[in-house]
Each structure stands twice: as C-alpha cells, then as structure tokens.
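Asks: In this note's numbering, the protein residues as written are 71 to 330. Glycine residues also receive a C-beta, built at the ideal position from the N, C-alpha and C atoms. A quick note: this is a predicted structure, and the numbers were derived from the prediction, not measured.
#1: At what residues does the alpha helix (DSSP H) containing residue 210 begin and finish?
#2: For residue 258, which beta-bridge partners are listed by DSSP?
#3: Which residues in the same chain have their Cβ closer than 6 Å to the Cβ of residue 171, if we skip the five residues on either side of it in sequence?
#4: Helix, strand or coil for residue 139 per DSSP?
#5: When the Cα atoms are used, what is the spatial distance from residue 282 to residue 269?
#6: Please return the same chain residues whose Cβ sits closer than 7 Å to the Cβ of residue 305, not counting the five positions on each side in sequence.
#7: Can you tell which of 206, 132, 96 has the C-alpha that lies nearest to the C-alpha of residue 115?
#8: Excluding the 5 residues preceding and the 5 following residue 118 in the sequence, name in chain order all residues of the same chain whose CB lies nearer than 6 Å to its CB.
#9: Go through its chain and collect everything with a Cβ distance to residue 156's Cβ below 6 Å, but skip five positions before and after it.
#10: Under 7 Å Cβ to Cβ from residue 286, same chain only, skipping five residues before and after it: list those, please.
#11: Just mark residue 74 as buried or exposed, buried being the case when its beta carbon has 16 or more other beta carbons within 10 Å.
#12: Per DSSP, residue 291 is paired with what?
#13: Under the three-state reduction of DSSP, which class applies to residue 227: helix, strand or coil?
#14: Rounded to whole angstroms, what's the CA-CA distance from residue 301 to residue 220? Just pull it up for me.
#15: Using 8 Å for Cβ pairs, my map puts residue 135 next to residue 98. What's the rounded Cβ distance?
#16: For residue 240, which of helix, strand or coil comes out of DSSP?
#17: Closest to residue 137 by C-alpha separation, out of 232, 202, 129, would be which residue?
#18: In whole angstroms, what separates the C-alpha of residue 323 from that of residue 152?
#19: Would the beta-carbon of residue 111 fall within 9 Å of that of residue 94?
#20: Pick helix, strand or coil for residue 249, following the three-state DSSP scheme.
#21: Just how far apart, CA to CA, sit residue 258 and residue 311?
#22: Relative to the C-alpha of residue 303, which residue among 176, 248, 266, 197 is closest?
So this is what it looks like as structure tokens:
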C-alpha cells in the first residue's frame, strides 16, 4: 500500500487544481471500485463540491472509507454528520498540505510504522555544547540579564489542551472530565499558578527597570472534551486575572485523524 500511496502522492502534488486531483483519484482502481459498488456514495459525490469530492475520494484511497461510511444509510442525520466531518477534514488537509494533505499524513504514518531499516549505518553522536544554568557563573548571569532586559519584547505560549480524565479529574456533578489546568496545586489551579509565574517575571522587570509591563499570553486549547469552553470559563470567572481580556489570545489546536 505504501508504494501505491507514494506514487499517488507524486501525481497529486503535481496537480494544478482540485479538479485535476479528482481526475487522478478517479484513475485509482481502489477508488473507482469502491464508488461503483456503493450507490449512496455515487449520489453524495455527484452533489458534492470539488473539495468535498476530493476528501471523500482521499478517504477511499487510504482505505478508511469502510470505517467512515459503515452503516451510513442507517444513521440518523448522516448527511449533517458527514458535512461536519468534511469541514474538519478540510482544516486537516490544509494544515498538512506540505506533506500531501490527508493522503500524505496517512502515508507518512505508515512509514513510521514500517519496521524495516533501509540503511544500516554506524552512528557517532557528538555531545552538544551547553551552559549549566543551575550553577552560578558569568555566562549564566549574562544570559539571565539579556532575557530580563528583553522581557518587554516577549510573549508566552501556553498549551492548555490537556484533559484531566487520565488524572482522575472529573466534575463531581456532571462526571465529565475537567481540563488539567483546573487541577488544584497548593491551593491554586495550575492555570492560576502559571499566570502567577508570569506576573512574578513582570514584577522582577518592574523592580529592575522601574517600568511596568503586561506580557501578551497565547493560550492554546482544543475542542476535545469541552477543553476550550472550560478554559475560557476560568478566565471569565477570574476576570482574566485582572490583566485585561486583550492581553490573552486564544488559539485552538487541530484534531488529527486517528488511523486504526
């Protein structure tokens, strides 16, 4: 399958448009056979936009059609569910466009699972030079001073997309998993401790240079298990930690497909 996908990827990456890509996929025997043997798919593709058609054919090409469209005709609101899926797949295909979109993602995933070692070579790894910042020395002090001096040019990126169910962290009323950021540590949530750490740096900057700064903070969340909503709720309840709503910037990480 890897060899077939590799050849297909080369052709698709040379295509100048979605229409051309669909024509290339139409020439793949597996895609043609699957569509011809499933009348409901023929109808879906007939009414679909070129990009939706391409995504559906991509799922067939990577062997995931049976998983996605299993009992499709018997599922209530199947059309709506499919449209929602296609909207997510558009984002994923665009995000991984540099490696060939969904098909490229699947191909590279299979490559990682391939146990074959192509080239047996003797590796000789060099030790990376480093500065031990746990020990007081001139180099460490210089780096700390440079970092502190330029703190007003910094922003912090904080990934907060983790779910706490693996830590047995659930809402006592709803029994739904809570975001890890809500975990209590030393009387405060992890999120509050994180903000306090940043405020500590800002205070150090103020004491050193007699200048107040408010560092922009990027919060990365996800839609998985209501993570984004939970995180935003914390910020609203704490009045954005009295830092001002505009100092926080929320971004959602994409959900990647699970290949089984």
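Replies: Once the coordinates are examined:
#1: Position 140 of the chain shown, counting from 1, holds the residue named residue 210. Start and end: 208-219.
#2: Taking the first residue of the chain shown as 1, we reach residue 258 at position 188. Bridge partners of residue 258: 255.
#3: Mapped onto the chain shown, residue 171 falls at position 101. If we look at residue 171 and ignore the five residues flanking it on each side, its Cβ neighbours are 163.
#4: Reading the chain shown from its first residue, position 69 is the one you call residue 139. DSSP places residue 139 in coil when its eight states are reduced to three.
#5: Here the question's residue 282 lines up with position 212 in the chain shown. Here the question's residue 269 lines up with position 199 in the chain shown. The straight-line gap from Cα to Cα measures roughly 11 Å.
#6: By 1-based counting over the chain shown, the position of residue 305 is 235. Closer than 7 Å at the Cβ level, and outside the excluded window around residue 305, lie 318.
#7: Within the chain shown, numbered from 1, the residue matching residue 115 stands at position 45. Measuring from the Cα of residue 115, the nearest candidate turns out to be 96.
#8: One-based indexing of the chain shown puts residue 118 at position 48. Hits under 6 Å: none found.
#9: Along the chain shown, one-based indexing puts residue 156 at 86. Around residue 156: 122, 125.
#10: Within the chain shown, residue 286 is the residue found at index 216, counting from 1. For residue 286, where only same-chain residues beyond five positions count, the Cβ hits under 7 Å are 225, 317, 319.
#11: For the purposes of this step, residue 74 is identified with residue 4 of the chain shown, where counting begins at 1. With fewer than 16 Cβ atoms within 10 Å of its Cβ, residue 74 is classed as exposed.
#12: Position 221 of the chain shown holds residue 291. In DSSP, residue 291 forms a bridge with 322.
#13: On the chain shown, position 157 is the one that residue 227 refers to. The answer is strand: DSSP assigns residue 227 an E or B state.
#14: Position 231 of the chain shown, counting from 1, holds the residue named residue 301. Position 150 of the chain shown, counting from 1, holds the residue named residue 220. Rounded to whole angstroms, residue 301 to residue 220 spans 29 Å at the Cα level.
#15: In the chain shown, counting from the first residue as 1, residue 135 sits at position 65. In the chain shown, counting from the first residue as 1, residue 98 sits at position 28. Rounded, the Cβ-Cβ distance is 12 Å, inconsistent with contact.
#16: Residue 240 sits at position 170 when you count from the first residue of the chain shown. In the structure shown, residue 240 sits in a strand (DSSP, three-state: E or B).
#17: Taking the chain shown and counting its residues from 1, one reaches residue 137 at position 67. If we check each option's Cα against that of residue 137, 129 comes out closest.
#18: Numbered from its first residue, the chain shown carries residue 323 at position 253. Numbered from its first residue, the chain shown carries residue 152 at position 82. Residue 323 and residue 152: Cα-Cα distance of roughly 21 Å.
#19: Here residue 111 is taken as the residue at index 41 of the chain shown, counted from 1. Here residue 94 is taken as the residue at index 24 of the chain shown, counted from 1. No, Cβ-Cβ distance for residue 111 and residue 94 is not below 9 Å.
#20: Position 179 of the chain shown, counting from 1, holds the residue named residue 249. Strand at residue 249.
#21: Here residue 258 is taken as the residue at index 188 of the chain shown, counted from 1. Here residue 311 is taken as the residue at index 241 of the chain shown, counted from 1. If I take the Cα positions, the gap works out to 13 Å.
#22: Counting from 1 along the chain shown, the entry for residue 303 is found at position 233. Per the Cα distances, 248.
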